[in-house]
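Numbering (the numbering used here), first residue to last: 117 to 241. To keep things clear, I will list the structure first and then write my remarks on it.
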Amino acid sequence: MSKNATVTKAPAKRPVRDWTEALGVIESRVIGAHGNLAVYVGMNRDRNGQLNVFIAKVTETGFVRTFCPIPLSLLPRIVEALQSYKERAGELEKEAMIKEAAKYLRTLAQYGISLKDIERLIKSK
């Protein structure tokens, strides 16, 4: 080795922390799955010391794919908004089913089958 050469050391490996420790989770529980991800809800304390509720999607190996902390002060408004979206989702599903049914009825009409024919068939069973 020459006099001017320097020896570099490999960086020290940091110990792997559990995602709950890394994100300040106080408590959590699994509420379901989304594909191959476990869906968690719980409470955590962020780096500023603020208490939050969170939703997280975590892989089987503990890798956090999604982490969404929500300040407690916003929680009532978020719950209200989510409930209205849930109601709206039902309306959207109903509209989609009506459009799909109308599509099939138009196809049946092309074959000379009317809605009255279908009603008679249903009533006769």
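For every residue, glycine included, the Cβ atom is placed at its ideal position computed from N, Cα and C. These figures come from a predicted structure and were not determined experimentally.
C-beta atoms of residue i and residue j nearer than 8 Å
i    : j    : result
I147 : V155 : yes
P187 : Q166 : yes
L198 : K173 : no
D134 : G206 : no
Residue i - partner residues in DSSP beta bridges
i    : result
L167 : R161
A138 : Note: A138 sits in no beta bridge, so no partner.
G148 : V155
P187 : N168
Cβ-based neighbour list, residue i, same chain, cut-off 7 Å, excluding 5 preceding and 5 following
i    : result
P185 : N160, D162, N168 and F170
K136 : Reading off the sequence shown, one finds Thr at residue 136, where the question assumed Lys. Result list for T136: S144, in chain order.
Cβ shell of residue i (< 8 Å), same chain only, five flanking positions each side left out
i    : result
E176 : N152 and A154
Backbone CA spacing between residue i and residue j [nearest angstrom]
i    : j    : result
Y220 : Y201 : 29 Å
I234 : K241 : 11 Å
R236 : L190 : 54 Å
G158 : F183 : 11 Å
E203 : A212 : 15 Å
I238 : K232 : 10 Å
Q226 : V195 : 47 Å
E209 : K215 : 10 Å
V180 : A149 : 13 Å
T223 : L139 : 55 Å
Neighbourhood of residue i by C-beta distance below 6 Å, restricted to the same chain and skipping five residues each side
i    : result
A217 : none
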